[in-house]
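Only one structure is covered here, and it is reproduced in the block below.
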Amino acid sequence: MIEWTTACPDWEQRIVAGRSLLPCPPLFPGPELDLCLEIFRGLRIVDAPGSPTIGEACLPWAFDLPTALFGALDPNLGRRLIQNFMLLVSKKNSKSTLAPAIMLTALLRNFRESGEFIILAPTIEVAGNSFKPARDMVKADPELEEILLVQEHIKTITHRGTNATLKVVAADADTVSGIRAIGILVEELWLFGKRVNAEAMLREATGGLASRPEGFVIYLSTQSDQPPAGVFRDRLHHFRNVRDGIVIDRKSLGLLYEFPETMLKNDSYLDPANFYITNPNLGRSVDREFLVDEVRKAQEAGASSLALVAAKHLNAEVGIALKTDRWTGADYWARQADPTLTREEILNRSEVVIVGIDGGGLDDLFGLAVLGRDKKTHDWLLWSHAWAHRGVLERRKSIASVLLDFEKAGELTIVDDSLGDIAGIVGMVDEIKRRGILGAVAADPAGLGILVDELAAVGITEENKLLIGVGQGYRMMNAIKTAERRLANGTLRHSGSKLMAWCVANLKIEPTATAIRATKQNAGDAKIDPVMAMFDAIDQMALNPPAAGSIYDDAEAYERVFGARSADGSPARDFDPAILADINHPAFKEQKARFERWQAMQGDDEF
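Positions in the sequence shown are counted from 1; adding 5 to them yields this note's numbering.
Structural data, given as structure tokens:
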């Protein structure tokens, strides 16, 4: 029995030191592995000056993936013990050269008659970029030309002896249907992450591994130009967890060239001296001066440009995609995330809650914000949720995979034609009202519609001042500025919802003649309804509403301050609790002064 691990818990020390990220040596060293690596090293990179071989052009890191892949095959049993691989590396590090070279080597050493090997590309352009190097590697070697038949029109290379094939295909439901491949290499996984049907497509493409124990899947990618989504996010998180030892999966091995978190937080990843960390082929296929110049120009252009360059050339994951016309509060959003702020936690800690509502059209999200004021600190605590009609997934396919991720995380509810969003919103509002802490429901008047009647059924109306229409456009400026200041000083904290982070990134601030207004970065796809719901809530919370509850309703707190109640239920002091409990009463200030004098005499300042 062979014992091995694919965890690499010391990866941060290794990557900074420039050491190999392979967590274990090849499981089956010997003649077969040596032959595979000899073939791989001998393939030529035709478009490089002088057409060097891979062995001549690449640094040692480039041989880690083929070593792990071909070294995991038991040559006696024909079974590959590690089958799933991921290589995450910055652009221009020969990733698109290594991909066809690995697959050609696998085709040449395959023992199964009429076997299939597939390079799965997200677009026709990427498919072409993957096929051309493979074609050129064959044509540059007369011996390979005798063994392999290249058919450019169908992007296929056939082994003349075994009739096994290597095909490069642009992925869609039709091209992957019926594939029974031995080996599959998925190019640019980050682009698949933007496709709503990518998970089903990849499952169909990899189904053949069930009957091919020598099979394998390789995912190649750079970082996404947006926060990771869909299958890219899922696979990336899995391979990270395996690498870190959080998940035990000995069949999966990831080589992830990314910066340690501390270097991202202190911005040392932007120091040219550290560019080698995510560019292991620096000095060969990657020009150091090019990177220095690109990062410098991006820093001058602003946060948006820097985020894109950092994602592609430094493999730094995009968080909130900061735009040049971004909302200033976005700069402080991530640091104020507190995952402990569940809805229940906020309701338990709050003395008053404002519910913000925005959206509701079938092409929009229906956003809800629960904004509470902490009983002790008076900090503002935010929890958000949204609803979407299922039709949005069809009408807005570019964000469908992102929305499904939010649904999976429990931050978004997708409803059908019965439109259960209204019932869900009213149910949450009614719960807050029954707790006695509802200050108001604040909403965009234009988006209320049928919600008015449903809220009235639970006693929330404009007449009793529990339903308030919030002015939009430039009238929202105070709420926008208040949110910015509270995020900056830490008195507005939120639950860390990825849905809200995405919406904050979509927010665009436009100046008007005398004010500012919030709008979308891109019409249609860039949803911001949950953020606008937050602004609605902040608009009313900024008016400093009184605590909806009172110590007069809390028997324990009452007795601690006033002592036992008198026979008629009043505290028998020189102030009237009924007046003191009503901030709008004409005699409130006088009664409050009397209470404070009594309080000082008691030496109890909790209230």
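Note that the Cβ used here is the ideal one computed from N, Cα and C, for glycine as well.
Model, not experiment: these values are computed from the prediction.
Report buried or exposed for residue i, applying the criterion of at least 16 other Cβ atoms within 10 angstroms of its Cβ.
i	result
Asp272	exposed
Lys413	exposed
Ile253	exposed
Leu441	Here residue 441 is Gly; the residue named in the question, Leu, does not match the sequence. The residue in question, Gly441, is exposed, as its Cβ has fewer than 16 Cβ neighbours within 10 Å.
Ile7	exposed
Ile535	Reading off the sequence, residue 535 comes out as Pro, not Ile. Under this definition Pro535 is a buried residue.
Leu548	exposed
Ser403	exposed
Ser119	exposed
Gln228	buried
Glu275	The sequence shown places Leu at residue 275, rather than the Glu named in the question. With 16 or more Cβ atoms within 10 Å of its Cβ, Leu275 is classed as buried.
Lys328	For Lys328, the pLDDT reaches just 47, beneath the cut-off of 50, and the residue's location in the model is therefore unreliable, although a value from the coordinates is still provided. With 16 or more Cβ atoms within 10 Å of its Cβ, Lys328 is classed as buried.
Ile59	buried
Thr267	exposed
Arg490	exposed
Gln545	buried
Pro127	buried
Glu5	As displayed, the chain neither begins before 6 nor continues past 612, which places residue 5 out of reach and without an answer.
His158	exposed
Arg498	buried
Glu416	buried
How far does the beta strand (DSSP E) with residue i in it reach, from first residue to last?
i	result
Glu121	121-126
Asn615	Residue 615 is absent from the model: the chain starts at 6 and stops at 612.
Glu356	355-364
Trp385	385-394
Leu153	153-156
Gly259	257-261
Val407	No beta strand (DSSP E) contains Val407, which is instead part of the alpha helix (DSSP H) from 405-413.
Leu417	417-420
If you draw a straight line from the C-alpha of residue i to the C-alpha of residue j, how long is it?
i	j	result
Asp384	Lys97	47 Å
Ala577	Ala592	Low per-residue confidence applies at Ala577: pLDDT is 46, beneath 50, and the placement is therefore not dependable, though the value from the model is reported in the following sentence. Using only the alpha carbons, I get a separation of about 18 Å.
Gln526	Trp507	Caution applies to Gln526, whose pLDDT of 48 falls short of 50 and renders its modelled position unreliable; the model cannot decide the point.
Arg217	Arg165	21 Å
Ile584	Phe600	11 Å
Gln88	Lys137	26 Å
Arg185	Leu225	20 Å
Gly212	Ile123	13 Å
Met91	Asp421	37 Å
Arg140	Lys160	9 Å
Gly529	Phe197	In this predicted model, Gly529 has a pLDDT of only 49, less than 50, meaning its place in the structure is not dependable; the value taken from the coordinates is given anyway. Going from the Cα of Gly529 to the Cα of Phe197 covers about 21 Å.
Ile533	Pro54	49 Å
Asn469	Phe411	35 Å
Val173	Lys100	16 Å
Arg480	Ala339	26 Å
Gly193	Ala462	Note that residue 193 is Glu in the sequence shown, not Gly. Between Glu193 and Ala462, the C-alpha separation is close to 52 Å.
Ala447	Leu367	21 Å
Leu258	Ala104	16 Å
Ile189	Leu471	59 Å
Ala542	Leu443	12 Å
Gly47	Gly23	25 Å
Leu40	Leu154	21 Å
Ser389	Glu467	23 Å
Phe33	Leu214	20 Å
Leu86	Glu263	26 Å
Which first and last residues belong to the alpha helix (DSSP H) in which residue i is found?
i	result
Tyr479	Per DSSP, Tyr479 belongs to no alpha helix (DSSP H) and is neither H nor E.
Asp239	235-249
Ala306	293-306
Asp379	Unbroken run through Asp379 is the beta strand (DSSP E), 370-379; no alpha helix (DSSP H).
Ile159	No alpha helix (DSSP H) holds Ile159; DSSP gives it neither H nor E.
Thr267	266-270
Trp16	16-22
Asp544	534-546
Thr72	69-75
Can you give the beta carbon distance from residue i to residue j, rounded, assuming they're within the 8 Å contact cut?
i	j	result
Lys199	Ser406	6 Å
Lys317	Asp230	7 Å
Leu70	Ile107	7 Å
Ser500	Asp343	7 Å
Ala73	Leu27	6 Å
Gly250	Ala12	4 Å
Val360	Leu373	7 Å
Phe75	Leu38	5 Å
Leu386	Arg354	7 Å
Gly235	Ala203	6 Å
Quick check on residue i - is its C-beta less than 7 Å from some C-beta in chain B?
i	result
Gly441	In the structure shown, chain B does not exist; there is a single protein chain.
Entirely within the region 169-220 and at least 3 residues each: give me those beta strand (DSSP E) ranges in chain order. 170-175, 188-191
Whole runs of the beta strand (DSSP E) within the region 431-507, excluding any shorter than 3 residues: 443-448, 472-474, 497-499
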